[in-house]
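*Asks:*
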Amino acid sequence: MSAAPLVEVRDLAVSFSRGGQSIAAVNGVSFDLAAGEVMGVLGESGSGKSVTLRALLRLLPEHRTRIGGSVRVDGHDVLALRGRALDDYRGAVTSMIFQEPMLSFDPVFTIGRQIAESVKRHTGVDDKAARARALEMLDRVRIPSPARRLEAYPHEMSGGMRQRAMIALALACRPKLLLADEPTTALDATVQIQILLLLRELQQEFGMAVIFVTHDVGVAAEVSDRLGVMYAGRLVEIGPAVDVIESPSHPYTRGLLSSIVRGDMRGTRIEAIPGAPPDLAALPAGCSFAPRCAHVRPECLASVPPMRAATEDHAARCILVGPLAPA
Amino acid sequence: MTATPILEARQLVKRFPVKGGLLGKARSWVHAVDDVSFAIAAGESLGVVGESGCGKSTTARLLVHLLEPDAGTILLDGRPIGVTNGVPLTQARRQIQMVFQDSFASLNPRLTVEASVAFGPRVHGVSQREATERARSLLARVGLEPDRFAGRYPHELSGGQRQRVNIARALALQPRVVILDEAVSALDKSVEAQVLNLLLDLKAEFGLTYVFISHDLNVVRYMSDRVMVMYLGKIAELGPVASIYDDARHPYTRALLSAMPSMNPRRRTTQAPLAGDPPNPIDPPPGCRFKARCRHAEEVCGQGDIQLYAAGEAHRVACLMDQPRAGHSHSAKAVVP
Chain A
8 MSAAPLVEVR DLAVSFSRGG QSIAAVNGVS FDLAAGEVMG VLGESGSGKS
58 VTLRALLRLL PEHRTRIGGS VRVDGHDVLA LRGRALDDYR GAVTSMIFQE
108 PMLSFDPVFT IGRQIAESVK RHTGVDDKAA RARALEMLDR VRIPSPARRL
158 EAYPHEMSGG MRQRAMIALA LACRPKLLLA DEPTTALDAT VQIQILLLLR
208 ELQQEFGMAV IFVTHDVGVA AEVSDRLGVM YAGRLVEIGP AVDVIESPSH
258 PYTRGLLSSI VRGDMRGTRI EAIPGAPPDL AALPAGCSFA PRCAHVRPEC
308 LASVPPMRAA TEDHAARCIL VGPLAPA
Chain B
179 MTATPILEAR QLVKRFPVKG GLLGKARSWV HAVDDVSFAI AAGESLGVVG
229 ESGCGKSTTA RLLVHLLEPD AGTILLDGRP IGVTNGVPLT QARRQIQMVF
279 QDSFASLNPR LTVEASVAFG PRVHGVSQRE ATERARSLLA RVGLEPDRFA
329 GRYPHELSGG QRQRVNIARA LALQPRVVIL DEAVSALDKS VEAQVLNLLL
379 DLKAEFGLTY VFISHDLNVV RYMSDRVMVM YLGKIAELGP VASIYDDARH
429 PYTRALLSAM PSMNPRRRTT QAPLAGDPPN PIDPPPGCRF KARCRHAEEV
479 CGQGDIQLYA AGEAHRVACL MDQPRAGHSH SAKAVVP
């Protein structure tokens, strides 16, 4: 890629103050994302994946959050945006979808009015054109009888339909970057796959970049070109989705993948990772996975290991990378 | 099965009124569980799968008598529960325990975990000292060192640790059947793996029988000997785990299985097996509950209730397609099992 990446995140650090303690939620995350690329971010609760996403849209509560590092999206210095410039950025350049669609919608206005309002705010078109755009979007996300649904309130729709309407709202102004925070996690299996396929289709059609945060490896495999794995606020592995899933380099990624029950494993014991993630208020000085790692060495405890390349485009934050010899 | 099942449900029905109108009278009914019958052998694990509104959690709550059925019977060792000459309710409650999805809401926030685990035995007449001893040994057994954890309160534990406490509490009454209602669904995958291993160990050690309810088909396959697939309050299919996963007969079971993400970025899913959401279980139409979303639906599917037909040894399916002389155009091709 010769062109500048659409997204450049450098040493992003986010900490929250709570009761006099500082919770280090994100600790030095760096990555690039090209226009039109889909990056999955896989991690468990507390890994910092959602906080990273929220920092990219500046959704974190300002008075008790400290953000460091830099985030550039399509030429905008995101962490420096204020006032109108921030409003212009949200929705038009970068947009977000959530696990819970009711968070995106105001319950007292109709779906159509809310989509039209966003279109008007960002493109300056008149009411009629904005409504036409709302209708087009509802049709595009395949909501049945879209003209009638324009007049529907969020609570009048089923879970899958609300999720589609939220996608319509997020994409109405054709953002270049879509942030997806577990958007299919609360859905039933047969609905989840419909929404994943719809997102994949719209991503290709609109050519937008997507950062898709999930705890579900299956979902990540369905949508990601590239896949990042987060642990205790750090990106511990990043690479092409196929490589990360088929030949994981970081011991945590390996452990996570072997913890997942799939296919016919009856009668075999699951290879679970022992222990639990560290307390984000008291992170160890070295590798935060070291206390649970079977391959730990003294130097792992001394300082945080750097990202090391396993292959040209696949790297992991582990001193043993490249590939480990079987233990 | 020739031996008496440890737990049996016969024609269970549970409906919830949907109130509306000026006087708050029931205008319609949610058919949460509608004529559901199944039996569980001692030592077996029965997996229950289905999407929201299919009745899997209502079935669980009926089995532990958190809800009273509108019709139907639950039998423990072949004897009906809670009727004259049957198994007294208190005894049934002791023998059938349950673990819920929400590990925090299931624990009293004002009790230490040791007190929570000891509470059940105390209610059932065990002395304070013995109940405490039992609680500590169970906490140790589920991987929570009693000297470190016994005095903690639920908010001082992680989700995985709390779920271990809930498992210890369920075992404190020395039950024979444990109902696990999405018990690992809220846990992170690495913690889920630890808890699944623990559940299998405990089953072997205490000779338990499990009813394992989950929306995760991979986990159900791993944990279960037999699997029951539910759809809108009815059993769609019931059979040995291998038959359900390798030779599913019901179009809904097949759709559920092919809706599972592939786990392989080289072979992504290209087509959604079903369109739309699971329908609302309020006043469902007659006939097959799945017919509105089924690509094989024919007129005959809307006529009368669909019973569970034999589709192989211990395999039952509520679909006319496999059934000779049922009147479905596929059924002409069906072979007599």
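Chains A and B, in that order, are what the protein sequence lines are. Here the first sequence is numbered in the numbering used here, starting from 8 and rising by one per residue. Here the second sequence is numbered in the numbering used here, starting from 179 and rising by one per residue. All C-beta atoms in this analysis are idealised placements derived from N, C-alpha and C, irrespective of residue type, glycine included.
#1: What is the rounded straight-line gap between the Cα of A:LYS183 and the Cα of A:ASP94?
#2: Between the Cα of A:PRO151 and those of A:SER111, A:ALA216, A:ALA136 and A:ARG169, spot the shortest distance and give me the residue it belongs to.
#3: Within 8 Å of any Cβ in chain B, is that where the Cβ of A:ALA334 sits?
#4: Comparing the C-beta of A:HIS222 with each C-beta of chain B, is any distance below 8 Å?
#5: What three-state label does DSSP hand A:LYS127 in the structure shown?
#6: Where A:ILE252 and A:LEU264 are concerned, what is the direct C-alpha to C-alpha distance, given to the nearest angstrom?
#7: Which residue marks the beginning of the beta strand (DSSP E) containing A:SER22, and which one marks its end?
#8: By the criterion of Cβ-Cβ separation under 7 Å, what are the contact partners of B:SER230 in chain A?
#9: Rank A:GLU44, A:LEU88, A:PRO281 and A:ARG299 by C-alpha distance to the C-alpha of A:HIS13 and give the top, closest one.
#10: Could you check which residue in A:ALA172, A:ALA227, A:ALA175 and A:GLY214 has the C-alpha nearest to that of A:THR192?
#11: Just curious, the alpha helix (DSSP H) that B:LYS203 is in, first and last residue?
#12: From the DSSP output, which residues share a beta bridge with B:TYR487?
#13: What does B:GLY338 touch in chain A if you count any residue whose Cβ is under 8 Å from its own?
#14: Using 8 Å as the limit for Cβ to Cβ distance, is A:ILE200 near chain B?
#15: Who are the neighbours of B:ALA371 on chain A, taking C-beta pairs under 7 Å?
#16: Taking CB distances under 8 Å as the criterion, tell me whether A:VAL226 reaches chain B.
#17: Taking Cβ positions only, does B:MET406 come closer than 8 Å to chain A?
#18: To the nearest angstrom, how far is the alpha carbon of B:GLN275 from that of B:VAL196?
#19: Judging by CA-CA distance, which residue of A:PRO247, A:LEU142, A:MET272 and A:GLU143 is the nearest neighbour of A:ASP232?
#20: Any beta carbon of chain A sitting closer than 8 Å to that of B:HIS209?
#21: Within 10 angstroms of the Cβ of A:ALA332, are there 16 or more other Cβ atoms? Answer buried if so, exposed if not.
#22: For A:VAL48, would you say it is in contact with chain D, using Cβ-to-Cβ distances shorter than 8 Å as the test?
#23: Within the 8 Å Cβ cut-off, does A:ILE252 reach chain B?
#24: The beta strand (DSSP E) spanning A:ARG315 covers which residue range?
#25: If I follow the unbroken beta strand (DSSP E) through A:ASP94, where does it start and stop?
#26: Could you please give me the residues that DSSP links to A:ILE245 through a beta bridge?
#27: Sort A:ALA297, A:GLY240 and A:VAL16 by Cα distance to A:SER37 and report the nearest one.
#28: Would you identify the three-state DSSP class for B:GLY337, choosing helix, strand or coil?
#29: Assuming B:SER315 is part of the alpha helix (DSSP H), what are its boundary residues?
#30: Let's see if you can read the secondary structure: which residues bound the beta strand (DSSP E) around B:GLN275?
#31: Look up B:PHE327 in the DSSP assignment and say whether it is helix, strand or coil.
#32: Assuming contact is defined by CB atoms lying nearer than 8 Å, are A:PRO108 and A:ALA179 in contact in what I supplied?
#33: Does any CB atom of chain A fall closer than 8 Å to the CB of B:ASN142?
#34: Quick one, which of A:ASP81, A:ASP18 and A:THR197 has its alpha-carbon nearest A:PRO313's?
#35: Return the chain-ordered list of same chain residues with a C-beta closer than 7 Å to the C-beta of B:MET179, the five sequence neighbours on each side being excluded.
#36: When burial is assigned at 16 or more other CB atoms within 10 Å of the CB, is B:ASP212 buried or exposed?
*Replies:* Inspection of the coordinates gives the following:
#1: 15 Å
#2: A:ARG169
#3: Reliability fails at A:ALA334, whose pLDDT of 40 lies under 50, so the model's placement of it is uncertain and the value that follows must be treated cautiously. So no, A:ALA334 is outside the interface.
#4: yes
#5: helix
#6: One C-alpha to the other measures close to 8 Å.
#7: 14-25
#8: ASP195
#9: This sequence places Leu at residue 13 of chain A; His is not what is there. Minimum Cα distance to A:LEU13 is reached at A:GLU44.
#10: A:ALA227
#11: B:LYS203 -> not in any alpha helix (DSSP H); beta strand (DSSP E) instead, spanning 203-218.
#12: The secondary-structure analysis by DSSP pairs B:TYR487 across a beta bridge with B:VAL495.
#13: Ordered by position in chain A, the residues that pass the 8 Å Cβ test against B:GLY338 are ALA283.
#14: yes
#15: Per Cβ cutoff of 7 Å: SER266, ILE277 and ALA279.
#16: yes
#17: Interface annotation, B:MET406: not in contact with chain A, CB-CB separation never under 8 Å.
#18: 29 Å
#19: Of the residues A:PRO247, A:LEU142, A:MET272 and A:GLU143, the one whose Cα lies closest to the Cα of A:ASP232 is A:PRO247.
#20: no
#21: Any reading at A:ALA332 needs caution, since the residue's pLDDT is 44, under 50, leaving its predicted position unreliable; the model's value is listed next. By the neighbour-count rule (16 or more Cβ atoms within 10 Å), A:ALA332 is not buried but exposed.
#22: No chain D appears in this structure, whose protein chains are A and B.
#23: It does; some Cβ of chain B falls within 8 Å.
#24: 315-318
#25: Taken as a continuous stretch (DSSP letters only), A:ASP94 belongs to no beta strand (DSSP E), being part of the alpha helix (DSSP H) at 90-99.
#26: Its beta-bridge partners are A:GLY235 and A:ALA322.
#27: A:VAL16
#28: helix
#29: Its alpha helix (DSSP H) spans residues 306-319.
#30: 274-277
#31: helix
#32: no
#33: Any answer about residue 142 of chain B is impossible in this case: the structure gives chain B only from 179 up to 515.
#34: When only C-alpha atoms are compared, the closest one is A:ASP18.
#35: For B:MET179, the pLDDT reaches just 48, beneath the cut-off of 50, and the residue's location in the model is therefore unreliable, leaving the point undetermined.
#36: buried
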